[in-house]
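In this text, residue positions in the sequence shown follow our numbering: the first is 0, and each later residue adds one. We treat Cβ as the ideally placed atom computed from N, Cα and C, and that holds for glycine. As the structure is a computational prediction, the values presented were derived from the model and not from experiment. Reading through the structure tokens given below for one structure.
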Amino acid sequence: PTLYFLQRLGFTEMGKNSFLLPCSVESKLMPRLLYFQSLGLSHKDAVNMFLRFPPLFNYSVDGNFKPKLDYLINAMGMSVDDLKACPQYFAFSLEKRIKPRHRFLVENDVE
Numbered sequence: 000p001t002l003y004f005l006q007r008l009g010f011t012e013m014g015k016n017s018f019l020l021p022c023s024v025e026s027k028l029m030p031r032l033l034y035f036q037s038l039g040l041s042h043k044d045a046v047n048m049f050l051r052f053p054p055l056f057n058y059s060v061d062g063n064f065k066p067k068l069d070y071l072i073n074a075m076g077m078s079v080d081d082l083k084a085c086p087q088y089f090a091f092s093l094e095k096r097i098k099p100r101h102r103f104l105v106e107n108d109v110e
């Protein structure tokens with residue numbers, strides 16, 4: 000079922016995404032996809048984020064997505080739509096990379 004699900008989403012090169020094959024569609028893949036849709040992204044936009052950056056399927060909603068999204072919106076003043084351009088945002092450490100770089104930009108009046 001996982002291979003079929005991924006192919007239906009648009010994944011074509013399973014060789015470099017083979018790490019997703021053991022994942023459960025019901026307990027791992029779908030909840031992450033539905034989370035982004037619950038934020039207001041269309042199904043197509045959410046799927047495109049995962050196609051652009053498949054490791055998103057391995058990140059925790061509560062431990063990764065929610066805190067980083069909260070910082071993106073409330074501290075950085077950005078929106079959920081901004082994630083479509085850079086889903087890799089979730090790969091960076093909030094404490095070691097995102098916050099220090101944002102702080103540097105704010106302190107130096109860079110917009």
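Buried is the label assigned to residue 86, since at least 16 other Cβ atoms lie within 10 Å of its Cβ. If you check the CB distance, residue 10 and residue 50 come in under 8 Å. Within its own chain, the residues whose Cβ lies closer than 7 Å to the Cβ of residue 58, once the five positions on either side in sequence are excluded, are 64 and 89, listed in chain order. With respect to the 8 Å criterion, residue 28 and residue 2 are not classified as neighbours on the basis of their beta carbons.
Secondary structure at residue 70: helix, using DSSP grouped into helix, strand and coil.
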